[in-house]
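Engineer: Residues are numbered in the numbering used here as their position in the sequence shown, beginning at 1, plus a constant of 23. Each residue gets a CB set at the ideal place from its N, CA and C atoms; glycine is no exception. Below you will find the structure I want to go over with you.
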Amino acid sequence: MPESSGSTGRTPETHVIDFRAAERLLDARDPKGAVKLLDSVIAAHPENTAARLLRARAFFAAAQLRPAELEFTIVLEREPDNAFAHFALARTYERQGRPEQATRHFRLAAALDPNPQYLKAARFDD
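Structure below.
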């Protein structure tokens, strides 16, 4: 079986397994465990936006707001129309006490996707 770059013996298959396991850890409220698994996936596949989005969610769940902000920003640089990433970045800004940035991204999320949760958070009536 061919190995990926590096001498760790990690393969694309093991990275997929790690990604799926990280999803389960995040669902089980172990965001730090999820981050650990995703670090190796992202090191091997830095272009993988899904892994970065999952790691951003894990950082957010672990209240590591600055790393969450950075990961959500990277996702949005690659996928500016990702409504969920805008919404999650807005929540991150909200938790950091940055309401102006939060409102901007809540409204972008709602403009991209009329999800009721996004529309409520956007507060277009205010």
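In whole angstroms, what is the alpha-carbon distance linking residue 147 and residue 36?
Structural biologist: Roughly 45 Å between the two C-alpha positions.
Engineer: Quick check: residue 111 and residue 129, are their CB atoms within less than 7 Å of each other?
Structural biologist: Taking 7 Å as the Cβ cut-off, residue 111 and residue 129 do not qualify as a contacting pair.
Engineer: Can you list, in chain order, the residues of its chain with a C-beta nearer than 8 Å to that of residue 55? Leave out the 5 residues immediately preceding and following it.
Structural biologist: Same-chain partners within the cutoff: 81, 85.
Engineer: How would you write the range of the alpha helix (DSSP H) that residue 82 sits in, first residue to last?
Structural biologist: Element bounds for residue 82: 72–84.
Engineer: Considering only the beta carbon of each residue, do residue 91 and residue 115 sit closer than 7 Å?
Structural biologist: Against a cut-off of 7 Å, the Cβ pair of residue 115 and residue 91 comes out as a contact.
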